[in-house]
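In what follows, a structure is listed as structure tokens, so that the remarks can point back to it.
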Amino acid sequence: MNEEKLVKQFGRLAVLAGFGVLLGGAEVSAQAAPAITLSRLPCGTNAAPTDVGQRFSDVYAYSGLNVQLTFSCYLIRHGDEYMIWDAGNPVGNTPTAPKTSLTALAAQVGVTPAQIKYVGISHYHGDHTGQVGQFPQSTLLIGKGDWDVITDPKSAAMAPLFASWISGGSKVEPLTGDKDVFGDGTVVMLNMPGHTPGHHSLLVRLKDMGNVLITGDVEHFRENYDTNGVPTFNTDRAASLASIDRFKAIAKNLKATVIIQHDQRDVSKLPVFPASAK
Ligand SMILES: [Zn+2]
0 MNEEKLVKQF GRLAVLAGFG VLLGGAEVSA QAAPAITLSR LPCGTNAAPT
50 DVGQRFSDVY AYSGLNVQLT FSCYLIRHGD EYMIWDAGNP VGNTPTAPKT
100 SLTALAAQVG VTPAQIKYVG ISHYHGDHTG QVGQFPQSTL LIGKGDWDVI
150 TDPKSAAMAP LFASWISGGS KVEPLTGDKD VFGDGTVVML NMPGHTPGHH
200 SLLVRLKDMG NVLITGDVEH FRENYDTNGV PTFNTDRAAS LASIDRFKAI
250 AKNLKATVII QHDQRDVSKL PVFPASAK
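Numbered according to numbering that gives the first Met the number 0, the sequence shown spans residues 0 to 277.
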């Protein structure tokens, strides 16, 4: 085959391949896209504003700056299936305990625990895991680095919360990287280690609101987000900086709305529960 014929042949193949891609795309879009919604669930009672210079900066920033921190969990609907993102403070009598449990909040919008296919946990800290035990029928999605700590005999305090997954009675998927939760790119747990070894953030791609990036604790408040601040209690400073760099690049490229879970000023970025963003 001479060069000209080769070029023609290649062109024909390329056209055929392109046609195939188009057909594939048409097949996908012919199926009804699942309805995706995102709600914030209050997951603890706010304490007094926090002096963030005390623990939230390892470079002595913010001396005397007080920020109102809050506790947020999220309910994500994907068609007939649901995901809970983070499990907040435990219910009980502590000052920061939530007034209403996660299962009771879900019930307010007609969602039963059986419909909650996944519980995604950003990291193992107690203000993100307190109510996870309410969802033993759900598959637990959590970074492997965090799961290894939770299941380490030395972290006995955390084990009871996760008893049904540790025993093997419930399903757990320890994640070594990102996780496309529903397999269509609409809800993705993003590997963002540093705050803890297996820390993850969450991307939710909504039809009307557009892309939403939920921090986990990659940052806790706007001032630290703006300056790549690292709290004193993160497990890995270099990993923390790499993660915030990745997080900001994704936010820029996807023109995403960034929601800092612990920052009270970001609560109003989503409708007030039981309303949800679409
Ligand atoms: Zn936290």
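Quick reminder that beta carbons are idealized off the backbone N, C-alpha and C, glycines included.
Would you list the residues sitting across from residue i in a DSSP beta bridge?
i, result
"residue 80", "77"
"residue 276", "37"
"residue 174", "142"
"residue 200", "189"
"residue 71", "41"
Are there 16 or more other CB atoms within 10 angstroms of the CB of residue i, so buried, or fewer, so exposed?
i, result
"residue 39", "buried"
"residue 89", "buried"
"residue 278", "For residue 278 there is no data in the structure shown, the boundaries of the chain being 0 and 277."
"residue 236", "exposed"
"residue 56", "buried"
"residue 192", "buried"
"residue 203", "buried"
What's the gap between the Cα of residue i and the Cα of residue j?
i, j, result
"residue 68", "residue 113", "32 Å"
"residue 251", "residue 267", "21 Å"
"residue 262", "residue 54", "15 Å"
"residue 247", "residue 179", "19 Å"
"residue 201", "residue 62", "30 Å"
"residue 64", "residue 126", "22 Å"
"residue 275", "residue 44", "21 Å"
"residue 255", "residue 128", "26 Å"
"residue 139", "residue 270", "26 Å"
Starting from residue i, trace the beta strand (DSSP E) both ways and give me its first and last residue.
i, result
"residue 129", "Neither: residue 129 is in no beta strand (DSSP E) and is coded neither H nor E."
"residue 165", "Per DSSP, residue 165 belongs to no beta strand (DSSP E); it is in the alpha helix (DSSP H), 162-165."
"residue 102", "Taken as a continuous stretch (DSSP letters only), residue 102 belongs to no beta strand (DSSP E), being part of the alpha helix (DSSP H) at 101-107."
"residue 256", "256-258"
"residue 213", "209-213"
"residue 118", "115-119"
For residue i, report the span of its alpha helix (DSSP H) as first-last.
i, result
"residue 240", "236-252"
"residue 226", "221-226"
Using a Cβ-Cβ distance cut-off of 7 Å, determine whether residue i contacts chain D.
i, result
"residue 219", "Protein chains in the displayed structure number just one, and chain D is not present."
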